[in-house]
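**Q**
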Amino acid sequence: IVEGVNGREEKALRVKSLFQRGNALNENGRYYDTQSILLPAVEAIKEDIKTRSVMGELDHPDSLKVNLDRVSHLITNIWMDGKEVYGEAEILHKTPHGAILRGLLEHDARIGISSRGAGQLEQTRIDGTPVILVLEGFRFITWDVVAKPSVSDAIIQISES
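In the working numbering, the protein residues as written are 7 to 167.
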């Protein structure tokens with residue numbers, strides 16, 4: 007995608023990142039099993055990503071609904087590599103929140119990405135540590151950009167600009 011800006015062409019800004027990690031406790035105490043939770047959830051959202059309908063927001067909202075007036079990026083690809091979920095996104099710099107996100111990235115701000123999903127949870131303990139297990143049937147809604155992601159190394163990197 008190439009757009010004209012003030013008489014010059016400007017390429018879309020594309021980013022990539024680790025999106026989620028399985029079989030590990032994340033910063034918000036949740037545990038996603040790779041095979042029974044992440045793999046089916048990734049497969050289930052691939053068609054929506056292919057049709058360019060998975061949009062993320064600047065910060066998590068209070069609900070599962072994607073608010074179009076807060077959209078900042080479009081998820082364009084997702085894949086599994088072992089127990090990790092990786093993805094790519096296109097920054098929607100013509101939206102107000104996309105312009106903010108692009109500005110932050112162009113100034114080398116450390117920005118993370120965090121999943122938003124729906125499903126059942128179960129509180130339990132693993133080796134004495136309190137854990138919130140994400141149960142079968144979980145589905146991803148989208149991934150939002152955040153200042154502090156629950157997967158500590160899910161930091162956005164510019165892949166193309």
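C-beta: ideal position from N, C-alpha, C; glycine also.
1) Is the beta carbon of Ser120 closer than 9 angstroms to that of His66?
2) Using 8 angstroms for Cβ pairs, my map puts Ile81 next to Ile55. What's the rounded Cβ distance?
3) Taking one C-beta from the region 24-37 and one from the region 156-167 each time, how about it: are there three or more such pairs within less than 8 angstroms?
4) Just to check my reading of the structure: Val21 and Ile164 have Cβ atoms closer than 8 angstroms, yes? What is that Cβ distance to the nearest angstrom?
5) Flag this pair as yes or no: are the beta carbons of Val140 and Arg58 separated by less than 9 angstroms?
6) Quickly, what does DSSP pair Gly88 with across the bridge? List them, please.
7) Please classify Arg32 as buried or exposed, where buried requires at least 16 other C-beta atoms within 10 Å of its C-beta.
8) Considering Cα atoms alone, identify which of Tyr38, Asn34, Glu166, Leu19 is closest to Lys154.
9) So, helix, strand or coil for Gly123, using DSSP?
10) Ser69 to Glu166, Cα distance in whole Å?
11) Since Gly6 and Ala115 should fall inside the 8 angstroms C-beta cutoff, what is the C-beta to C-beta distance between them, to a whole number of angstroms?
12) What's the C-alpha gap between Pro46 and His113?
**A** Judging by the given coordinates:
1) yes
2) 5 angstroms
3) The region 24-37 makes contact with the region 156-167, as at least three CB pairs between them are under 8 angstroms.
4) A Cβ-Cβ separation of about 6 angstroms places Val21 in contact with Ile164 under the 8 angstroms criterion.
5) no
6) For Gly88, which the question treats as bridged, DSSP gives no partner whatsoever.
7) Note on residue identity: the sequence assigns Asn, not Arg, to residue 32. So Asn32 ends up on the buried side.
8) Out of Tyr38, Asn34, Glu166, Leu19, Asn34 has the C-alpha closest to the C-alpha of Lys154.
9) strand
10) 31 angstroms
11) Any property of residue 6 remains undetermined from this structure, which presents the chain solely from 7 to 167.
12) 36 angstroms
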